[in-house]
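In our numbering, the protein residues as written are 756 to 853.
Backbone N, C-alpha and C fix where the C-beta goes; we use that ideal spot for every residue, glycine too.
Working notes for the structure below.
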């Protein structure tokens with residue numbers, strides 16, 4: 756059995772016998788994911804919301820912080836983006852992201 760700890764520059768592998776070896780990852784794997792086009796993605800997310808402007812404002816804040824917006828317009832896909840799903844309003848504790 757092998758356990759791995761993921762780091763950006765190196766992967767350290769520990770074997771069942773406790774010996775360690777390091778290997779380099781390619782440069783392509785080290786780059787962060789590209790930023791979402793939040794205004795465009797949030798327009799889609801809030802398309803069916805009756806408070807469209809407020810939905811877009813909140814969605815854009817959440818998108819900027821999380822770089823993730825769940826697909827579709829319903830609440831059933833929130834779990835796909837855990838950061839987006841769990842962000843709360845600090846004033847009232849309610850979910851922040853639509």
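Is the distance from the Cβ of residue i to the Cβ of residue j below 9 Å?
i: residue 873; j: residue 828; result: This structure gives no information on residue 873, because the portion of the chain shown stretches from 756 to 853.
i: residue 804; j: residue 845; result: no
i: residue 813; j: residue 851; result: yes
From residue i to residue j, what does the alpha carbon distance come to, in whole angstroms?
i: residue 817; j: residue 848; result: 15 Å
i: residue 841; j: residue 793; result: 18 Å
i: residue 839; j: residue 833; result: 7 Å
i: residue 798; j: residue 826; result: 11 Å
i: residue 808; j: residue 830; result: 18 Å
i: residue 843; j: residue 786; result: 29 Å
i: residue 811; j: residue 802; result: 9 Å
i: residue 788; j: residue 819; result: 13 Å
Please name the residue, chosen from the options, that lies closest to residue i on a Cα-to-Cα basis.
i: residue 821; options: 797, 809, 836, 810; result: 836
i: residue 824; options: 786, 787, 796; result: 796
Can you find a heavy atom of the ligand SAH that lies under 8 Å from the Cβ of residue i?
i: residue 850; result: Only the bare structure without any ligand can be found here, which leaves the ligand SAH out of the picture.
Fully enclosed by the stretch 789 to 849, which alpha helix (DSSP H) runs are 4 residues long or longer? 793 to 800, 807 to 821, 837 to 841
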